[in-house]
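Report on the structure given below.
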Amino acid sequence: MYALELQKMKLSLFWGPYFTKLRTAAFYQPIRIPKSFVPHPSKVGFVKHLGELRGQLADWRKDIPSVGHVHVVEYADYYLVHKDKASLLSNPIGHLIYDAPHWGIAIILAGALIFKYSNQDRV
Numbered sequence: 150m151y152a153l154e155l156q157k158m159k160l161s162l163f164w165g166p167y168f169t170k171l172r173t174a175a176f177y178q179p180i181r182i183p184k185s186f187v188p189h190p191s192k193v194g195f196v197k198h199l200g201e202l203r204g205q206l207a208d209w210r211k212d213i214p215s216v217g218h219v220h221v222v223e224y225a226d227y228y229l230v231h232k233d234k235a236s237l238l239s240n241p242i243g244h245l246i247y248d249a250p251h252w253g254i255a256i257i258l259a260g261a262l263i264f265k266y267s268n269q270d271r272v
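Be aware that the sequence shown starts at 150, since it is given in the working numbering, and climbs by one per residue.
This is the structure we're talking about:
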């Protein structure tokens with residue numbers, strides 16, 4: 150219990166000012182945060198997850214009630230943080246539709262090709 154409370158305190162204390170900025174920022178508008186300013190995302194409840202390949206070290210995600218779905222992209226010396234319209238963690242279909250439609254289209258096309266070629270009559 151103590152560890153969870155400490156995690157919440159660190160999240161609020163160090164990440165809180167950036168969440169305040171994210172509340173009014175446009176979706177996908179990145180905020181750059183030097184790594185030395187905040188605890189590592191894994192220490193405050195972010196989940197390591199997938200993201201577009203941009204030369205980053207890792208991607209981290211967390212649903213923050215007052216902000217929405219927060220996506221942290223980790224680089225060597227800084228984080229780029231933005232909010233998405235739909236949470237990949239709790240609403241993956243919505244995330245594909247609103248935040249990553251190109252991946253949704255790719256999945257549909259791949260599925261159609263697999264279906265087409267797996268159902269061909271064998272001669």
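Built from N, CA and C at the ideal position, the CB exists for glycine as well.
From the DSSP output, read off the bridge partner residues of Ala255.
-> Ala255 pairs with nothing; no bridge assigned.
Is Val196 closer than 8 Å to Arg210 when the C-beta atoms are compared?
-> Yes, the Cβ-Cβ distance between Arg210 and Val196 is below 8 Å.
Leu160 versus Tyr228: straight-line alpha-carbon distance, rounded = Roughly 15 Å separates the two Cα atoms.
Rounded to whole angstroms, what's the CA-CA distance from Phe264 to His251? Just pull it up for me.
-> Cα-Cα distance, rounded: 20 Å.
Does the beta-carbon of Tyr151 have 16 or more other beta-carbons within 10 angstroms, so that it is buried, or is it exposed?
-> Exposure of Tyr151 is indicated by the presence of fewer than 16 other C-beta atoms within 10 angstroms of its C-beta.
If you check the beta carbons only, do His231 and His220 fall under 8 Å apart?
-> Result yes, Cβ atoms of His231 and His220 sit closer than 8 Å.
Any idea what DSSP makes of His231, helix, strand or coil?
-> Residue state, collapsed to three classes: strand.
May I have the straight-line CA-CA distance separating Lys206 from Gln269, to the nearest angstrom?
-> Looking at the sequence provided, one finds Leu at residue 206 rather than Lys. The straight-line gap from Cα to Cα measures roughly 42 Å.
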